[in-house]
Structures are given as C-alpha cells and as structure tokens.
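**Q** If you count by this note's numbering, then the sequence shown holds residues 1306 to 1874, one letter each, in order.
Quick one: the structure is below, questions incoming.
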Amino acid sequence: MEKKFLDEVLNMPEEVRVALIHAAIKWKDKEHNLRRLLALNEEAAAGGARIIVNPELATTGYAFESRRDISLFVETVPGPTTELFGALACRYGVYICLGLPEVDLKSGIYYNTAVLIGPDGRVMGEHRKLAPAFKENLWAARGNLPVLVAETCFGRVGVLICADTYWYKAARMAALKGARVLLIPANWPPHHYPPEVFWRARALENGVYVLACNRTGQDKTMNCNASQSFIIGPDGSVLKEVQSAHDTILYGTLPLKNGRFFTSGAGVLLGDRRPEFYAGITLDTFSQFEPEALLGLSAGKEFAVATVQFAPRAGELERNTRRILSFLDQAADLAARRRMKLDLVVFPELAVTGAISQPSQAGELAEPVPGPITVEVVRKAEKLDLYVVMGVLEREDGQLFNTAVLIGPAGLLGKYRKIHLSPFDREWARPGQEDFRFFDLPFGRVGLLLGHDLFFPESLESLAKQGVDVLCVPALWNDEKSQFIWEARIAEQMHLVVANQWGSSGSFCALGGSLIYSYSRYSERRVRMVSPVNEDRINIMLLNPQETRQKKFLEEVDYDLLLTHYKLF
1306 MEKKFLDEVL NMPEEVRVAL IHAAIKWKDK EHNLRRLLAL NEEAAAGGAR IIVNPELATT
1366 GYAFESRRDI SLFVETVPGP TTELFGALAC RYGVYICLGL PEVDLKSGIY YNTAVLIGPD
1426 GRVMGEHRKL APAFKENLWA ARGNLPVLVA ETCFGRVGVL ICADTYWYKA ARMAALKGAR
1486 VLLIPANWPP HHYPPEVFWR ARALENGVYV LACNRTGQDK TMNCNASQSF IIGPDGSVLK
1546 EVQSAHDTIL YGTLPLKNGR FFTSGAGVLL GDRRPEFYAG ITLDTFSQFE PEALLGLSAG
1606 KEFAVATVQF APRAGELERN TRRILSFLDQ AADLAARRRM KLDLVVFPEL AVTGAISQPS
1666 QAGELAEPVP GPITVEVVRK AEKLDLYVVM GVLEREDGQL FNTAVLIGPA GLLGKYRKIH
1726 LSPFDREWAR PGQEDFRFFD LPFGRVGLLL GHDLFFPESL ESLAKQGVDV LCVPALWNDE
1786 KSQFIWEARI AEQMHLVVAN QWGSSGSFCA LGGSLIYSYS RYSERRVRMV SPVNEDRINI
1846 MLLNPQETRQ KKFLEEVDYD LLLTHYKLF
C-alpha cells in the first residue's frame, strides 16, 4: 500500500496542458462549424490538451435577431452536439467546453449556453449566459441557473460566457465556490469595450487562471478577425494570446500541485474581503424609471476636476502641507487659463505624511481630523471656492487610520477610513469600521475610497448603486503589474479619479500614473487622462454627471454567496 501511494505521488503531473480553439465561425452554417470544431478539438486532444475551450455560440455564429431567426439551430442539452463532442472527449479522456444555442423543451425558452463535457463523454453541467448582450436579447432569455462550478480531476473550474465577465459578480461567485480556473467561451470583437482588461481583472481580483476563448472570422454583422483569445495568470498577467483571421489553436499549461490546480497566494484577496460592508451591492436602485428621484440626486452639472500627483517627503509634514497649498493655487490658475472654474481637486493617499516606511514613527506623524493641517486646507478651499479630497494619517483615541478627507469652502465635510488595508497599512493602521461614504456636492454625488480598495469591486459597486457620479481615490500604489485594475473599474459606471504619489520613500516606491477616466456607456465617448510616471503633474478634465446616471447591473445572482466570507478550498 505504501509503495502504491508513493508511486501515485511521484507520478502526479506537475502541469496540465490546455487549448483554446480560436475558430473562424461561419454564421448559420452549423454543419461546417461542427465539422471544423470537431477536427480542431481532436487535433488539440491528440496534441496533449486535457482541457479544451471553444468559442461562444460556436456551432451557429452570433448575429441572430429573433427567435424565428435562430429557431432552426437551437437544441437541447444533452443533445446531438453534446453527443458528438462527448464521444470525442471520451475517446481522448479530455474536458471540452463549448458554446451553443439551447432550447428548454419544457418551456420553449431559448438560452445562450455553454456546456462542460467530461472525459466520460457526459455533460458535467451547463451555464446559461447571465448577461445577454447586443441583439441576443431579441432571442435569448437571461440565464436562470447558478454559476457553473464543476469538479474535474485537476480541481474546480468555473464556466462563464463572454459579457458575463464585464461585471465582476459571476466570476466572484465561481471563485467563492472554489473555482481555480475560469473557462470563458466568447464572441467579443475588439472594437467594443476591449475585453482584455476585464478578463485580466477577473483573474487578478479572484486569484484564478482565465482561459478566454474568443472567435475569429466574419459574422453576419460583426468582424471578429482581429479578436484575441487569452490565457491569463492569477496575477492578471497575459501568459499566452493569439490573434488570427484563421482557425488557430492556442496551447498553454497550468501548474499543478499534488495533481491539483495551484495558484501561489490563491485566495489572498478573497480572504481580505470584508462582506459585512458590501450590503450595498444588493440594492436594485437603477431598475426604477426615475433612479435620480429614488436616490435623491440633484440635477448635476458639468464640473472640472483635477488630480495632483507629487512626491511628498516622508515625515516632513510642514513642507508637504506647503506644497499641497501651493498645488491648489497652481491648479486653480491652470483651470482659469483654460477658462474653467475648478471645482474639485484630488491629492494622493497619505499626501501630508508621505509613505509610512517606519511604522514606529506613524504615531508621531498622525493628527486628529479635523486638525491643524486640515484647518489650513479648509482656509485655502474657502479662498479658492473649491473642494479637496486628500489622504491623511489620522489619530483618534490612540488608534491610527489611513483616511481620506473631503474638504470644501464651508469646512471639513466628512472622511472615509480605509476598509481594505494593504500589507504596508497593516503595520500601523487599523481598518475602518464604517460603511463606504458618499457626499452630495453642488455638481453631483461624490464617493471616496483609498488605493488598495480598488482591488475589491464590491467597494465600487456599493457606491455606484447609491448613485455616485464620481469616485475619488487618493492612492499610494507601487505595483506596476496590477495598476491596470484602475481602468477595469470603469465597468462600475462612475467617473474615476485616482491621484497617486510618485517616488521612493524607504523601501516603498510609488508609481505615479494618476488617472482621470470620464465614464460613458458609449465607449467612443469615454476619455482618459494619465499622468507621467515620475514627475509632479496637475491634470484637469471636465466631467458630466449625466453620463453616469443610466447604470446597469448584473442582478440575477446569489447575494447570499457574495456576502459570505471566503473559505479556502
């Protein structure tokens, strides 16, 4: 028995080969598509792939405009197509994920569906798309099944479809159910909300691998020849990608430990979630005819916002305060030269103290809020008639907090204490214990977060569902690989203003790159402005609250699951 166990351990594979079938799907030519897909899947299986992913609606193409239009191509699950691919899966001992249009015979309802077929040739489960997009809504119902997570011999995998991943919730549910790999059949052309940043975000925020299999070729109305498929690592990095106008198989490998999916640091961000503060994501505020009235929003008006990126000197409170006051004058002057009235200025996290490189000094640098420095900024805000958001090191009753304050002409309007602490914060700060904060200003509703909070999309949606127009984020960000997550947060449908420090402080080096991202539900109207990496910079942009007030959320989800604490699988 001991020898058998030792042999099994020694023979356990260290990796599993995967394949994405980046196929040129022909619209309404099911016979051709099945023939090519079967050949490509067999080639991938013969080439050693144990997990094979095919595109969305791979059997039929995409651009159907009515139930009648697609009625000749829908089928049941299990059904003829799953039998064909089941025989192939059984012959080679592989897992196959495939998209197809499904009909439920009991109800006659059509769904955009993905199936997962196991090595025994049987359907292990199906996922019905939760977020029908474009003209799918003319024939497909919204999915009514739980997010599919299936147990394979390598560990748990989740299955989602294309636009399901534009929102964070479906991927989050799969991860909370133990999925270490997400299989994503897709039909996502690159010219509309390019998907790479969202797929990378789903990988990073959940610590999972993503196998996103897009299609290529010309559909009825959609040119997908430049579409890309990706294998993405749990840190959000692109491991493999392919773009081709012709049928192509993208191969890759995923690491295993003791024969199971392995991601270093798996579940770290999931374990850092604080669901007790996420109840706001359950609110269905934007399904109403007049969400502005429901939420008590003012009419809103165009306003000018500025980010101030600079390098505070660690521990030099007086110097840093003088610079903050000077930057406010400079920003107001710059706006005036551009014939704008500056309304809102956002400074970095810990702008007054600089990065806390020696936690033992944190108590000496902290001050109460309100305190002497915030009082000085209030005077300047009153003089310039504008609002200021900045990060401070707050002390209250002997405890220290990483805090963002909102200051206006009338004084200190409020503060937010950072709820999700970074590893650097944990050396000196206590986490905030109050809900996410938002404030009504003359031009719109403003929400506050701090840098590391951007890793947790629940934070942003909690504010978005409360009607926030612009999210102000003082940041102290030092990880270049993860900085892309800022732009992915535009999916939460708010204007995004991130002011970052730059420069070194002890062992900490902030990256700059401060961002103003003007949201619109029309991608061609979105505007982004990014500061350089290593220099002081003031950027100014006009934002319009009306662009953020037609929000849409993924609601048919398991909120009980989303509001539970993560348990390591």
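All residues carry an ideal CB built from backbone N, CA and C; glycine is no exception.
(1) Provide the residue span of the beta strand (DSSP E) that contains V1682, from first to last.
(2) Pick out whichever of G1512, H1800 and A1796 has its Cα sitting closest to the Cα of V1775.
(3) Rounded to the nearest angstrom, how far is the Cβ of L1509 from that of H1327, given a contact under 8 angstroms?
(4) For the ligand SAH, any of its heavy atoms closer than 7 angstroms to the Cβ of A1815?
(5) Using the Cα positions of F1748 and A1793, report the straight-line distance between them to the nearest angstrom.
(6) Output the boundary residues of the alpha helix (DSSP H) element that contains A1349.
(7) Quick check: the segment 1338 to 1348 against the segment 1358 to 1368, are at least 3 beta-carbon pairs closer than 8 angstroms?
(8) CB-CB under 6 angstroms to M1834, same chain, minus the five flanking residues each way: which ones, in chain order?
(9) Starting from the Cα of L1377, find the closest Cα among S1836, L1403, T1387 and V1408 and give me that residue.
(10) If you reduce the DSSP assignment to three classes, tell me which class H1800 lands in.
(11) Are the beta-carbon atoms of L1655 and V1683 separated by less than 8 angstroms?
(12) Report the rounded CA-to-CA distance for A1480 versus L1768, giving the unit in angstroms.
(13) So, for P1383: in the same chain, excluding its five sequence neighbours on each side, which residues have a beta-carbon less than 6 angstroms away from its beta-carbon?
(14) Which residue comes first and which comes last in the alpha helix (DSSP H) that contains N1511?
(15) According to the neighbour-count rule (16 or more other Cβ atoms, all chains shown, within 10 Å of its Cβ), is G1570 buried or exposed?
(16) Is the segment 1506 to 1525 touching the segment 1534 to 1552, taking contact as three or more C-beta pairs under 8 angstroms?
(17) Would Y1827 be called buried (16 or more neighbouring beta carbons within 10 Å of its own) or exposed?
(18) Put W1807 into one of helix, strand or coil per three-state DSSP.
(19) Residues bridged to F1706 by DSSP?
(20) Can you look up R1854 in the DSSP assignment and give me helix, strand or coil?
(21) Threshold first: 4 residues or longer. Then list the alpha helix (DSSP H) segments lying entirely within the segment 1435 to 1518, N to C.
(22) Within 10 Å of its beta-carbon, does E1581 have 16 or more other beta-carbons around it, so buried, or fewer, so exposed?
(23) Which residue or residues does DSSP assign as beta-bridge partners of H1432?
(24) Does the distance from the CB of F1535 to the CB of V1486 come in under 8 angstroms?
(25) Can you list, in chain order, the stretches of the alpha helix (DSSP H) that have 4 or more residues and sit fully within the segment 1343 to 1398?
(26) Can you tell me whether DSSP reads R1875 as helix, strand or coil?
(27) Below 8 angstroms on the Cβ atoms is my guess for P1282 versus A1419; work out the distance and round it to an integer in Å.
(28) Please name the residue in L1866, F1874, Y1871 and H1870 whose C-alpha comes closest to that of V1452.
(29) Name the DSSP bridge partner or partners of C1402?
(30) Looking only at DSSP bridge pairs, what is C1777 linked to?
(31) Roughly how many whole angstroms lie between the Cα atoms of P1736 and D1524?
**A** This is what the structure holds:
(1) V1682 -> not in any beta strand (DSSP E); alpha helix (DSSP H) instead, spanning P1677 to L1689.
(2) H1800
(3) Their Cβ separation, rounded to whole angstroms, is 23 angstroms, which puts L1509 and H1327 out of contact at 8 angstroms.
(4) As for the ligand SAH, it is missing from this structure, which has no ligand bound.
(5) 25 angstroms
(6) K1335 to A1351
(7) yes
(8) I1821, N1844 and M1846
(9) V1408
(10) strand
(11) no
(12) 23 angstroms
(13) V1428
(14) E1501 to N1511
(15) exposed
(16) yes
(17) exposed
(18) strand
(19) E1699
(20) coil
(21) 1474 to 1481 and 1501 to 1511
(22) exposed
(23) A1419
(24) no
(25) 1372 to 1375 and 1385 to 1397
(26) This structure leaves residue 1875 out entirely; the chain is present only between 1306 and 1874.
(27) The chain is shown only over 1306 to 1874; residue 1282 falls outside these bounds and no answer can be derived.
(28) L1866
(29) V1358 and L1421
(30) L1753 and V1802
(31) 51 angstroms
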